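Engineer: Before I ask anything, let me first share the structure, which is written out below as structure tokens.
Here's what the structure looks like:
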């Protein structure tokens with residue numbers, strides 16, 4: 001049994017001696033990996049050696065990525081803002097008109113002991129009318145009223161971290177009290193804001209896809225020019241037995257580098273945007289009595305941006321190479 | 001000597017090649033080259049010499065007939081297999097097709113890089129190939145700095161560096177003076193002596209007659225053996 005196998009091995013060695021199949025699989029793989037490394041470095045050097053031409057492509061990619069990136073950053077901040085409003089959503093509990101102030105105060109006491117309530121405030125009908133008179137500018141008109149049309153109100157503030165379901169349970173609980181006429185949760189505008197934000201998100205997607213196509217075209221065209229500049233080399237490589245993958249490789253890496261550097265530049269531009277807007281936004285928020293500050297793009301989002309840029313660069317190169325490479329034959 | 005299939009390097013079976021536009025470059029060509037054989041391919045310009053060589057590299061495909069190289073039926077090769085055929089066939093061109101944006105070393109090592117040799121092994125082989133064409137020590141030069149004859153030798157070194165079993169040359173001495181031409185031919189004959197099958201297309205009849213090897217003559221797409229030395233007596 002061992003003899004035939006030995007013979008076979010000897011035969012293989014012999015027949016392989018003068019022909020091509022003399023490189024083992026492992027060696028072949030390490031050569032393949034080494035070629036990837038070599039090509040990656042070579043293509044980067046090639047790009048850096050012509051910084052002006054490369055910069056143009058990099059900047060186009062960077063700007064095309066900065067636009068959706070900036071919108072993304074804005075949206076992220078708006079969501080943070082709306083979240084904050086949602087957290088501070090107050091519940092107004094209107095009591096049946098004509099309720100006695102002492103009963104109202106007693107009810108406030110009971111409500112303040114409920115779980116899911118962090119603070120309460122009782123405003124009786126008279127002080128509600130006073131407030132309205134002072135703030136509305138309808139002072140003279142209100143003089144004609146014989147009765148106080150306003151109900152007494154208990155303002156209920158849930159804790160900041162209350163969940164939606166808990167909040168709804170609290171509302172149901174409050175409605176159940178006999179003295180309570182109606183309960184209003186100031187959520188409608190928060191929901192409206194959220195609808196606007198989801199629309200904006202959709203818009204970012206549309207814009208992002210359009211700009212991604214633009215990046216594909218830009219990289220594709222740049223790679224097409226790179227291929228045209230290296231037609232002789234490609235012809236010779238194919239002549240001496242270079243596979244299509246081998247010929248494609250440097251161009252794919254070039255696309256990858258275009259995407260990566262463009263993505264990094266976009267990141268820098270977004271940081272620059274943030275630096276420029278951070279202080280004015282802070283001042284504006286302060287004028288509205290809010291502690292809101294503009295957050296930069298998170299590290300995770302920046303990574304996604306970078307990876308998307310690399311993928312787009314690679315895809316653009318692939319598209320261009322697959323279109324033009326077959327035309328070049330020795 | 002019997003011609004067993006294992007002994008045949010190249011075989012053309014009723015091969016015709018018609019280019020789009022109707023011009024028939026080759027019509028019904030039949031011939032065989034045995035392993036280790038040395039032959040010239042002659043004929044007037046436009047007789048189909050380049051076409052015949054291109055068919056062996058699959059730079060062209062025949063309109064009719066079969067081409068076999070090293071036992072491979074080229075008609076059955078898929079596009080993805082063509083590179084592996086070309087690694088078995090070294091080619092030398094009249095205009096040598098060197099890349100002037102890189103050194104002599106990088107030009108010659110290109111086929112080895114493609115075939116996946118380690119830099120160490122490739123280095124050994126490149127130096128051996130350059131040594132065999134008498135250009136050792138010129139690795140770092142750019143081909144532009146070299147003379148026409150030297151450039152042609154770099155092209156030959158690149159063609160043989162991967163030790164292909166078949167070596168083709170298309171007018172390799174077309175631009176060279178007679179003395180340099182003789183030197184280049186001498187080189188080819190030395191490769192034949194180490195077992196390489198060599199086919200050289202040339203119209204330098206004087207040189208061919210002086211060297212006296214097997215001659216394939218193309219005339220308007222038809223192939224004839226030279227009657228005086230036909231028969232493949234070099235095997």
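Residue numbers (my numbering), protein chains in the order written: chain A, 1 to 330; chain B, 1 to 235.
Glycine included, every Cβ here is placed at the ideal spot set by N, Cα and C.
Computed from a predicted structure; not experimentally measured.
1) Taking all protein chains shown into account, decide if residue 100/B is buried (16 or more other Cβ within 10 angstroms of its Cβ) or exposed.
2) 8 Å is my cut-off, CB to CB: does residue 239/A come that close to chain B?
3) List the whole-angstrom C-beta distance separating residue 110/B from residue 237/A, where the pair is believed to meet the contact cut-off of C-beta under 8 Å.
4) Taking contact to mean 3 or more Cβ pairs, one atom from each stretch, closer than 8 Å, check whether the stretch 86 to 101 of chain B and the stretch 248 to 263 of chain A are in contact.
5) For residue 233/A, would you say it is in contact with chain B, using Cβ-to-Cβ distances shorter than 8 Å as the test?
6) Are the stretch 87 to 107 of chain A and the stretch 143 to 154 of chain A touching, with three or more C-beta to C-beta distances below 8 Å?
7) Check whether the Cβ atoms of residue 261/A and residue 32/A sit closer than 8 Å, and answer yes or no.
8) For chain A, find out if any of its Cβ atoms is closer than 8 Å to the Cβ of residue 59/B; answer yes or no.
9) Are there 16 or more other CB atoms within 10 angstroms of the CB of residue 283/A, so buried, or fewer, so exposed?
10) Is residue 62/B close to chain A? Criterion is C-beta to C-beta, closer than 8 Å.
11) Residues of chain A with CB closer than 8 Å to the CB of residue 114/B, please, in chain order.
12) Over the uninterrupted beta strand (DSSP E) stretch that includes residue 90/B, give me the two end residues.
13) So, with DSSP's three-state summary, where would you put residue 21/A?
14) Taking the straight line between their C-alpha atoms, what separation do you get for residue 71/A and residue 204/A?
15) Taking the alpha-carbon of residue 167/B as reference, which of 67/B, 73/B, 199/B, 71/B has the nearest alpha-carbon?
16) Measure the C-alpha to C-alpha separation of residue 271/A and residue 79/A and round it to an integer number of angstroms.
17) If you compare alpha carbons, which of 124/A, 65/A, 276/A is closest to residue 208/A?
18) Look at the Cβ atom of residue 278/B, then the Cβ atom of residue 15/B, and state whether they are nearer than 8 Å.
19) Are the C-beta of residue 235/B and some C-beta of chain A separated by less than 8 Å?
20) List the residues of chain B that residue 330/A touches, going by C-beta distances under 7 Å, in chain order.
21) With which residues is residue 224/B paired in a DSSP beta bridge?
22) Where does residue 45/B land, buried or exposed, given buried means 16+ other C-beta within 10 angstroms?
23) With DSSP as the reference, please indicate the residues paired to residue 91/A in a beta bridge.
24) Rounded to whole angstroms, what is the Cα-Cα separation between residue 288/A and residue 143/A?
Structural biologist: A quick look at the data gives this:
1) exposed
2) yes
3) Confirmed, about 7 Å.
4) Output reads no: the stretch 248 to 263 of chain A does not touch the stretch 86 to 101 of chain B.
5) yes
6) yes
7) no
8) yes
9) It counts as exposed.
10) no
11) 237, 240, 241, 242, 243, 246
12) 89 to 93
13) Note that residue 21/A scores a pLDDT of 46, beneath 50, so its modelled location is shaky; the value from the coordinates is reported in the next line. Three-state result, residue 21/A: coil.
14) 7 Å
15) Of 67/B, 73/B, 199/B, 71/B, the smallest CA-CA separation from residue 167/B is found for 199/B.
16) Answer to the nearest angstrom: the Cα atoms are 19 Å apart.
17) 65/A
18) This structure leaves residue 278/B out entirely; chain B is present only between 1 and 235.
19) Any reading at residue 235/B needs caution, since the residue's pLDDT is 31, under 50, leaving its predicted position unreliable; the model's value is listed next. Answer no: the Cβ-Cβ gap between residue 235/B and chain A never drops below 8 Å.
20) 59
21) Paired residues: 217/B.
22) exposed
23) 156/A, 185/A
24) So the alpha carbons of these two residues sit roughly 33 Å apart.
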